[in-house]
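Read through the structure below, which is laid out as structure tokens, and then see the notes.
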Amino acid sequence: MIDTAPAEHDLRALDRLQLNVTRRLDGLLHGDYLGLLPGAGSEPGEAREYRAGDDVRRMDWPVTARTTVPHVRTTIADRELETWLAVDLSPSLDFGTVGMLKRELAEGAVAAFAYLAGRGGNRIGAVVTEGGPAKAIPPRPGRGGARSLLRTITALPRGTLENGTGAGDLAELIDKTRRHARRRGLAVVISDFLEDEDHPSDWSRELRRLAVRQQVLCVEVLDPAELALPDVGVLDLMDPETGATVEVQTGNARFRARYAEAAAEQRRRIAAGIRSGGAAHLRLSTGSDWLRDIAAFIAQRRHLAAYR
């Protein structure tokens, strides 16, 4: 049995994180309920004229026939939805060069989205991997449920080579989330989306399956050093998920250029996989104001939804 009770100093850090999230994001929650990521909803609303980009599956044929002008039927955003967080805390997230580890950024994203989703009594659950088999945390309602979920996730032991865990299976994490998310709602996948290139998983296919019944948001966490190497001489690097080590000469400008090009191509593949999976995409960096980035992303989504 794993003891998941956080130490007192961990609880104080958790309280500070939640307070920071609350203060920074609370301004987004004024006004009518629109949902975390406004989607189609299920209750029929009013009919309006068709606009370019509207889903043709929402065509209101009786009104269209009566007026001879194409109309679509709007829907009302649902309340009391169920949100599931698919959280990747595999060893590759125990890396960071500016201010925090990617794991800490992922936990901050959990706090932010659990807080936003928990308003109005919505239920929040999670499926988490630390590099081994994914574990499910049953959904609980409201902000109390969000706090309990965050405490459980931050208390999980870190996956390491020493305790027998390695690279997490992102496809398995998403698939297990889909199996638990039986009610229609929102699914947020939080990961760095890095995989063993010799044994890649088809996580994009699992995203498409998840998106059949859920709104899906993929939150990609990264560190600036994963995009461009600094010129700091010789570095000994180790892959935390496989234990493989390599010595690199960062003083070589051509090597740094090839690294940056390969890193950019990797991120393009990740973005393409998320896009083909039918999910929204938010990229967070340890080197930026991640709460501001979350707020700007949600505000933009709500602004676009208001004109659909």
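Residue numbering for the sequence shown is 4 to 311, as defined by our numbering.
Ideal Cβ positions, reconstructed from N, Cα and C, are used throughout, including at glycine.
Predicted model, so just to flag it, every value in this text is computed and none were measured.
_Local conformation of alanine 2 per DSSP, three classes_ = Given that the chain is displayed from residue 4 to residue 311, the structure contains no residue 2 and the question cannot be resolved.
*On the DSSP bridge assignment, give the partners of aspartate 226 in chain order.*
The partner list for aspartate 226 (beta bridge, DSSP) is empty, contrary to what the question assumes.
*Taking C-beta to C-beta, are arginine 181 and glutamate 223 nearer than 8 Å?*
In this structure, the beta-carbon distance from arginine 181 to glutamate 223 does not fall below 8 Å.
*Beta-carbon separation of leucine 152 and alanine 129 under 8 Å?*
With respect to the 8 Å criterion, leucine 152 and alanine 129 are classified as neighbours on the basis of their beta carbons.
*Cβ neighbour criterion (16 or more within 10 Å) applied to tryptophan 87*: Buried, by the Cβ-count rule.
*With 16 as the cutoff for other CB atoms within 10 Å, does glutamate 85 come out buried or exposed?*
By the neighbour-count definition (other C-beta atoms within 10 Å, threshold 16), glutamate 85 is a buried residue.
_Can you tell me where the alpha helix (DSSP H) holding alanine 184 begins and where it ends?_
Unbroken run through alanine 184: none, as it is neither H nor E.
*Where does aspartate 178 sit, in a helix, a strand or coil, going by DSSP?*
In the structure shown, aspartate 178 adopts helical secondary structure according to DSSP, grouped into three states.
*Is it a yes or a no for the segment 230–237 touching the segment 204–220, going by three-plus beta-carbon pairs under 8 Å?*
Output reads no: the segment 204–220 does not touch the segment 230–237.
_Simplified DSSP state of tyrosine 36, which is helix, strand or coil_ = Confidence at tyrosine 36 is low in this model, with a pLDDT of 42, below 50, so its placement is unreliable and no value can be given for it.
*Proximity of serine 95 and aspartate 195 at Cβ, strictly below 8 Å*: The answer is yes: Cβ separation under 8 Å.
_Does the contact criterion of 3 or more C-beta pairs under 8 Å hold for the segment 284–301 versus the segment 110–125?_
Taking 8 Å as the limit for Cβ pairs, the verdict is that the segment 110–125 does touch the segment 284–301.
_Among the candidates Gly147, Ser207, Thr77, whose CA atom is the shortest distance from the CA of cysteine 221?_
Minimum Cα distance to cysteine 221 is reached at Ser207.
*Anyone know if the C-beta pair for valine 192 and alanine 89 falls short of 8 Å?*
Contact flag set, yes.
*Selection from Ile156, Asp91, Leu119 that minimises the alpha carbon distance to threonine 132*: Sorting Ile156, Asp91, Leu119 by C-alpha distance to the C-alpha of threonine 132 places Asp91 at the top.
*Quick one: Cα of proline 142 to Cα of arginine 212, how far?*
Across the structure, proline 142 and arginine 212 are spaced so that their CA atoms are roughly 21 Å apart.
*Give the single residue among Pro227, Gly147, Gly171, Ala68 whose Cα lies nearest to the Cα of leucine 336.*
As shown, the chain starts at 4 and ends at 311. That puts residue 336 outside it, with no answer to give.
*asked:* Between which two residues does the alpha helix (DSSP H) holding leucine 108 run?
replied: Judged by DSSP secondary structure, leucine 108 falls within the alpha helix (DSSP H) whose first and last residues are 105–121.
*Based on Cα-Cα distance, which residue from Gly254, Ala260, Arg286 lies nearest to arginine 271?*
Ranking the options by Cα distance to arginine 271, first place goes to Arg286.
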